[in-house]
Each structure stands twice: as C-alpha cells, then as structure tokens.
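Worksheet for the structure shown next.
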Amino acid sequence: MSTPYLRLSGIRKDYGSFTALNDVALDIAQGEFVCFLGPSGCGKTTLLRIIAGLEVQSAGRIELGGRDISRLPPAERDYGIVFQSYALFPNLSVADNVAYGLVNRRAGKAQVTARVAELLALVGLPGSQARFPAQLSGGQQQRIALARALACAPSLLLLDEPLSALDAIVRVKLRGEIRSLQRKLGVTTVMVTHDQEEAFAVADRIVVMNHGGIEQVGTAIQIYREPATLFVADFVGRINALTATLEAGGLRLGTQVFRCEHESLSGHAAGRELRVYLRPEDVLARPIPDGDSNVFEAQIDAIEFMGPYCLVRVHGESLGSAKLTVYLSLNYLAEAQLQVGSRLKLRLMAERMRVFS
Amino acid sequence: MSSIALRGAPVRQQIHWTERFAHAALLLVALALIAFLAAPLIAILQKAIEDAQGRYVGLANFVAYAKTPALLQSLWNSVWVSVVVTLVTIPIAFVFAYALTRSRMRYRNLARSITLVPLLAPSLLAAISLIYWFGNQGVLKSWLTQLGIEQIYGAPGIVLAEIFSTFPHALMILVTALTAADARLYEAADSMGTSAARKFFTITLPGAKYGLISAALVTFTLVITDFGIPKVIGGSFNVLATDVFKLVIGQQDFQRGAVVALLLLAPALLTFAVDHWVSRKQTAMLTARAVPYAPKRAPVFDALMSLYCLGTCALILAMLGMALFASFATLWPYNLAPSLRHYRMGLFDAEVGEAFANSLKMGVGTAVFGTALVFVGAYMLEKTQGMRPLRALVRLLAMLPMAVPGLVLGLGYIFFFNARGNPLGGLYHTLTLLTVCTIVHFYTTGHLTAVTALKSLDAEFESVSASLKVPFYKTFWRVTLPICTPALVDIARYFFINAMTTISAAVFLYSPQTKVAAIAILNLDEAGEIGAAAAMAILIVAANTIATCIFMGLSWWIDRRTQAWKQP
C-alpha cells in the first residue's frame, strides 16, 4: 500500500481491568471502504468511536492524512459520522438538519441552500427540504443522516452500524447506494457491522475483529477462502470443522485417508491431530471421478430447505463419528431422488481443505 | 521513546475551548449546591456536636436530649401519629388508584383532578377546615363527642388533616405502580380459569408491592416532617417538628434544635435509600415487551368503584369547601352571611397583601431560576464530558434534597447564613435566600424530570454536533432546549406551586419584610384570626389554580407549535 491515509498504531482501550482493545494497528488507504466486522463486544464500535474522538484510547496513535490526531477533540478532526439511530434533530426540518454543519462555517445563505439541494439529490431525496424527520421512513432518515455527514465534504466517513435498524429489503438497497455514493465521492470510509453479508457486499477490505484484537484483514474473498485463524473460519460463513490425523498419504478421517492439497498442510509433523476446515460448497456431489481417493459414501441425516438449495447433513461410515453439512441444489435433490436416509457419493475438494493445528 | 510514554499515563484528549464553558457551568452548579445545600447541612451536624459556646462536646447533646422526658414524648407522638396516618392513607389511596387504573368507571379524569386539589393548597388548609368542621364551634362537633373524642385539637386533628394532605402524594405513586401492569399475565391467568381474588393476590398485589412500600415511606416521612398542620391544630400535642421550632425560635437552643433536626433527617434518609432501591426493582419488572393492561367493563364492580371515588372526592371537596365557605362567612358561627370581611382584614389590616406579593415574587423567582438551574445542571451531567469527580458530586447533591425535610434545610440555613463571618450572611432574611432555599428544597423532583427528558433524546446528538464542528451550546439552544420545553414547563409549574405553599423551610428564614403568604396564614391563626387565615389559604389555592391553568395553556400552545415535527 502507498502511504496510508488513516493509520492506527498500538491502539489500546481499558475499562478498569477489562481490555476492550488490545494493541490494534491498521492502515487504511485514501478512498478505501473498510468494514470492521465481528461479534458484539469485539471492540469494533469502540475502535470507530476512538477514531472519531468520541472515546479516548488508553494508549496508541491515530494519524489522519499525515496529521497526528490522537489527542484532538472530535471537532478538530475531520470526519462525518452516521449512527444506527440516525440521530437526526427531530425539531429541525430536513434542510436544517443537512445544513447544520454548513451554517456554522459562515457560508452564504444561497450557497447553503444550493449545497443542501445538491446533497439531497445525491442521496436520492430531492425536494424533501421542508419535511421533518418524523415524516420520513427509516431508510429515508438514514439517507438524510448520510447527507448531513457528507455536507462539509469530510475526508473521512464513519458509519456505525448504519443499516442495523432498517428492515431487510431497505437494508440491501441502501447498502448498495452507500457503496456507489462512496465510489463516486471517493471518500475514505470505515463502517462497523456485525452482518458479514453486508461487509462482503460493500467493503474493499474487511477487518475481522474478536476480543479486542484484529484477527484478519483482507478482501471478502481472502477472508472467506483463506481464513487466517480458527475464529475467522468459524465466524465467517458456514463451515465443517473436522478432526483428522496427518499420515503419509494425506489426512485420515475415520478409516479413510483423504488427499489435501492446501498449502496450510506443510510444516505439520506426521501423526499429529489437526483441525480441518472445509466449507459446505467444497463438498461436491458431482462430478465424482472414478477412483478418486477423496470420494466417500454418505448417508443423508437431515435436509433443511433454504430456497434454491438445501442444507444437507450427512454422515459416512468411513468417516467415523464426523458429520458434514453440504449444499445440494433443489434440482439435484429432485433429479437424484434423494431424501433422508438416501445414500450418495460425495467428494471433498483437496485444494480447499484448510488445516489448523 | 513514544511507546514508553504511551504505556505510562493514559492518553488525555485535548479539551476543545467550547468544552470549557460546559466545565465552568458544571462548576457553578456544583458551587451553588455546595453553598446552599451541603454547607447548611454540615452546619447542623456541627451544631449538634457543639455546646452553646461552640466547643466540641461529642454526643453530649444527644444524651441530654434522651434525658428530657418532654422531648422523648414528642418523638413518640411523632412516630405513632405518622404510623397511623400511613396505615389509613395507604389503603384509601390504593383502592382509589385501583379504581382509576383497573375499572371502567366514568369521570376518571375528573376524579383524578379532584384528588390533585390538596396539592394546590398549603397543608395547613386542611387543619383550618377541620377546625370549622369539628372545632369548639364546629358544625359537626357533636359527631366527635359521640365518638368519644373530646376535641379535634391534638392527635385526632393532626391525623385527619395529614390524611387529606398526604393522600395525593400516595395516590400518585400507587397509580404509577398499578399502571405498570402487563396484560399478558392476566390473560395467562384467565386462560387457566383463575378467580378474580386469586388474580388480585398473585398478580396485582405483588406487582404493586414496590409502589406500596414507596408510598408508605413517603407518607410517613411527609407526616413526621410536617410543621404547618401540628402547629395549627396540634394544640398542646407536641411533635418533633413543632419542637424544633420552639427550641430554635422560642428558646434559641440551637444545639438541641440541631439534634431534633437530625432525628427528622433519619426517616427521610431511610425513605430516600429504600425508594432508590425500589425504583431500580420497579423498572426491572416491566419489560419493553409488556402489553399494557386495559380493564374490561364490569357493571357492578365499576359502580362500586364509582361510589367509592365519589365518596372520597366528596370528602376532599368538603375539606376545601369548608375553608372556602368560612372565608366568606361574616362571623362564624353566628353570622354566616357572605362578606369579604376576612379578605379585607387579611389583605389590608394584617398586611398579608404584602406577604402575598412576596409569595408571588418567590413563586416566579423559584420557577424561573429554579428551572434554569435544574435544567442546566441536568444537561451538564447528562450530555457533556469530563471532570468526573465533580460530576459524581453534583449527581449526589442533586438527589440529596429529596432526603432533607424543609424544616431541617431551613434550620441549616439559619446556622450557616446567620453565622458570624459568613460572606453570604447578607442574604439572611432576604427574599433571595427564601427563593434559593425553596429551589434547593424542591430540586430533586425537577432534576429527575429534566434527566428523564434528556435521557429520552438520542445520545448521539452531541457526537454528531462535534463531528460537524458545531459547539455544544448551539445544539443545546437549537435542539435540546426546544425538544425539552414541555419538561421545562412541568418543572416550572412544580416549582411555582410548591413555592406558594411551602412553610417548613420558610418559617425559619423570613423577616417582617419578607414574610410569605403561607407564613402569614400561620401568624393569622396564632392571632386567633382563623377566618382571615382561611381566606388567605383560599387565595393561595386560587393563585395556584390560575397558575396551573396558565401553565397548561402554555403546554397546549407549545404542543401546537411543535406539532409540525412531532406528527408523521
């Protein structure tokens, strides 16, 4: 990465004896869209609030555009922020809300009016100047909050779970709009979310956090395909966690030895017990090449209908006590006349079997 | 090098210059509460362990007190009278609250309004009325004799008058407790075929448990610390509150006065602590998912409840009505023809007019400055950052007045502001100090109203403003204050009404020039001018009624003006 625009180093936050953030370091490039993703209590919101200056870190340094802002009060940093609750001023009209920060900068009245109109058009609500927040839907209110945050053209946009209070359909629509708006304006953006699908959909890079630390930083594909830690593998997406023993020919699961072609296998001593992580979509029902050592005989224990595909839970005699979850398309299940109790052949993808010690 | 520094002291954010205003304002509120609340209370503690020459004597004053049979008799009188009033008032108020919240009787709002009438009057109004009903020349004196009670003066009068004046307080708490019911519990009980009595004892009563405890404690404390009623109708029946007055004003025995004041502080502090504990329990009981209870129509039950409320309201109105009637009677009981004699006598001959003007000045001053102080204090606590230790102190001091009876506060003011060398001594006997004392006395309720209003605002308004580089005071002015105006009107009304009716603290602090109306009533009664006393009490009720109407009009007007942004 070229010189980072936002640089966090050694960020630590203690609440009494509880450490909310422990030695967090992160570089964010100019114009990048970064998501903080993690379970509740992982410290993602605290980190965002520290960047905003709304919480004070116990230790650590924050640089924004080459300027040390570690000790600056919020008003002297340069950012716009949007909260889950919108935090629109209920007694002010939409125009007054959007112009709230502009008026303070002694801009001319005509200038302010023009800028407000421009911003409202930008967020897709032109002509709503005279309305009050209570007269708008949740999604509309959040757009106004976004317009207000962008009004002063900040160099950094902070979004604190901006979509969590909205219902599912509005959420999907608005996240797409936030993403395209961000691209258009090129504003460096940090968004906190606990929804991985949301993070996948909008982020250039995702920062997966847990217990006050960063587990992994990477693109959506990197996080999904190459989880760096057990936590990331468990937290992001659905996964099969299996216990295997390393042998000469590969990994032994139950009585069968499977080939593993993942680079994470190197460096482990033979005979060791290892954790093997494999996503449901990496267990295939077709094609099944003849004589492939990664094919095993499975029996269906349960089928959970999910729409276009089904979540199928299976076990195999050769696998011992291990149980697997696989995705099978609805069409395939019908075509092969599979139901609970049916037997079928499945193949584990050798190049996708990620190993942890 | 920097990493070593980082490991050491925690990072401190620079303070934006606008934040200094917030800190200064918080400091001012803290100083005001220290000077006008903490210092006077400390002065009482100090007096209690000193002798008349100001030498430290340890607990000698307490020992001397315990050896004075007359004072111990007062203590016993105070306690048993308070217990009796509590035991009578709570069931009466509970049934009334039950009727208001759990029946479909008609005119519920009217009944509710009538019960609030006693709040508009000084507590001694009830005592004056009782004298007209049951006094030596009372209309129903014979009833009393038939009951075997020799005279109304003394314990019987105190008990009856206190029931009247504490009823609305107990009722408010119980209505709140009974309103907080989850309909789903009753539906579940109905689905299992539970009897009405069993539902009452297994759902209703346990649900109102904390409300009952709280109401009982508040009633007990109000009675034991009340001064006006025992003074007017107590006769030779001594209680702690009248003892304090006699010791301090009559005998100038500050030390023993301080000991008695501390005795009065004890039940109030207990109530405060229990109430705090209760309110935490109460909120935990009703979850956000509860379904509010809506009573069903039940003709017989509704009729019984209506009858009960009608009876109770009639008693309340009889109390008020008698004072009203007597205030216009030319010469009780011989010439009952209506005249303005008592009003003329009170307002002009006894110069109560001036006292009344003082009361109005104090009422307005308390409403304006009290509301401003309370709201600014609450805002600084809830919505600004920094100065942690000072914040904790202000929080504590804001809650403390709830636990301090007016009599004790007034006594503290004498000890503190009348002390030699106090730079604030010039305030003694002034209307300013009376106003300040009243603000402090009623601070907590106003503070809690303000805090509730502020807590209901989005917690991120201040964060958003800071990110937009708008100083907090602009957001305070443009957003917080406009949204909170209904709460401000409520606080101002509460301050005004209480300033008009309060006696307990003022009785220690007035001078002939700064006498207030409620005190003037006391003096008229002492001088035997009970008709004029009734007239002046009625004037206070009238003034408070008008003020309430004005405040209600104000609320209505604000509501209309702000409707635009409230309704979708």
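Chains as they are written, first to last, in this note's numbering: chain A, 904 to 1260; chain B, 29 to 596.
Just so it is clear, CB atoms sit at the ideal spot from N, CA and C, and this is done for glycine as well.
Please state the DSSP three-state secondary structure of residue i.
i	result
A:Glu1238	helix
A:Leu975	coil
B:Phe255	coil
B:Tyr181	coil
A:Asp1063	strand
A:Pro1138	Reading off the sequence, residue 1138 of chain A comes out as Phe, not Pro. Three-state result, A:Phe1138: helix.
B:Asn89	helix
B:Ile77	coil
A:Gly1201	The sequence as given places Ala at residue 1201 of chain A; Gly does not occur at that position. Here A:Ala1201 sits in strand by DSSP.
B:Ser106	helix
B:Asn137	helix
A:Arg910	strand
A:Ile1191	coil
A:His1165	coil
A:Met1256	coil
B:Glu382	helix
Give the straight-line distance between the Cα atoms of residue i and residue j, rounded to the nearest whole angstrom.
i	j	result
B:Ala346	B:Arg48	56 Å
A:Pro1029	B:Pro323	48 Å
B:Ala236	B:Leu56	40 Å
A:Ala1024	A:Ser1083	14 Å
B:Ile43	A:Val927	25 Å
B:Ala555	B:Val260	11 Å
B:Pro327	B:Leu128	15 Å
B:Val468	A:Val997	41 Å
B:Ala149	B:Ile566	8 Å
B:Phe489	A:Leu1049	14 Å
B:Cys512	A:Pro1036	17 Å
A:Ser1224	A:Gln1159	12 Å
B:Leu482	B:Ser495	20 Å
A:His1097	A:Gln987	12 Å
B:Phe445	B:Thr458	11 Å
A:Leu1066	B:Val302	42 Å
B:Ile32	A:Gly963	Per-residue confidence for B:Ile32 stands at a pLDDT of 42, beneath the threshold of 50, marking its modelled position as unreliable; no derived number is given.
B:Leu34	A:Gly946	Any reading at B:Leu34 must be qualified, since the residue scores a pLDDT of 45, below 50, and its modelled position is unreliable; the value itself is stated next. Their Cα atoms are separated by approximately 20 Å.
B:Ala351	B:Met333	28 Å
B:Phe192	B:Gly86	41 Å
B:Leu290	B:Val432	10 Å
B:Thr270	B:Gly414	45 Å
By the 10 Å Cβ neighbour count, where 16 or more other Cβ atoms means buried, how is residue i classified, buried or exposed?
i	result
B:Thr508	buried
B:His304	exposed
A:Thr1132	exposed
B:Cys19	With chain B running from 29 to 596 in the structure shown, residue 19 of chain B is simply not present.
B:Met528	buried
A:Ala1071	exposed
B:Tyr362	exposed
B:Asn105	buried
B:Asp218	exposed
B:Tyr610	As shown, chain B starts at 29 and ends at 596. That puts residue 610 of chain B outside it, with no answer to give.
B:Thr530	buried
B:Met408	buried
Would you verify that the beta carbon of residue i is, or is not, closer than 8 Å to some beta carbon of chain E?
i	result
A:Phe939	Protein chains in the displayed structure are A and B, and chain E is not among them.
* To do: Any chance you could list the beta strand (DSSP E) runs of at least 3 consecutive residues sitting entirely within the segment 506 to 589 of chain B, in chain order?
  => none
* To do: Scan the segment 35 to 47 of chain B for residues whose Cβ lies nearer than 8 Å to a Cβ of chain A and list them as they occur along the chain.
  => Arg35, Pro38, Val39, Arg40, Gln41, Gln42, Ile43, His44, Thr46, Glu47
* Asked: Taking Cβ-Cβ distances below 7 Å as the criterion, which residues of the segment 917 to 934 of chain A are in contact with chain B?
  -> none
* **the segment 505 to 518 of chain B: positions lying closer than 8 Å to chain A by Cβ** => Arg506, Val507, Pro510, Ile511
* Can you give, in chain order, each stretch of the beta strand (DSSP E) that sits fully within the segment 415 to 495 of chain B and has at least 3 residues? -> none
* Whole beta strand (DSSP E) elements within the segment 331 to 374 of chain B, 3-residue minimum -> 357 to 359, 363 to 366
* Interface residues of the segment 576 to 591 of chain B facing chain A [CB-CB below 9 Å] -> Thr590
* Which parts of the segment 993 to 1057 of chain A are runs of the alpha helix (DSSP H), unbroken and 4 residues or longer, counting only runs that do not cross its ends? -> 997 to 1001, 1003 to 1007, 1012 to 1025, 1041 to 1053
* To do: At 3 residues or longer, and completely inside the segment 945 to 991 of chain A: list those beta strand (DSSP E) runs for me, N to C.
  => 962 to 967, 983 to 986
* Asked: What are the uninterrupted segments assigned as alpha helix (DSSP H) that are 4 or more residues long and contained completely in the segment 42 to 75 of chain B, given in chain order?
  -> 45 to 61
* Asked: At a Cβ cut of 9 Å, what residues of the segment 1045 to 1065 of chain A count as close to chain B, listed as they run along the chain?
  -> Ala1048, Arg1051, Ala1052, Ala1054, Cys1055, Pro1057, Leu1061, Asp1063
* Between the segment 405 to 420 of chain B and chain A, which residues of the former have CB atoms less than 8 Å from a CB of the latter, in chain order? -> none
* Asked: Which residues, in order along the segment 478 to 492 of chain B, keep a beta-carbon less than 7 Å from a beta-carbon of chain A?
  -> Asp486, Glu488, Phe489, Ser491, Val492
* What are the start and end residues of each continuous alpha helix (DSSP H) run of 4 or more residues lying completely inside the segment 151 to 206 of chain B, in chain order? -> 152 to 162, 169 to 174
* To do: Pull out every residue of the segment 1198 to 1214 of chain A whose Cβ sits closer than 7 Å to any Cβ of chain B, in chain order.
  => none
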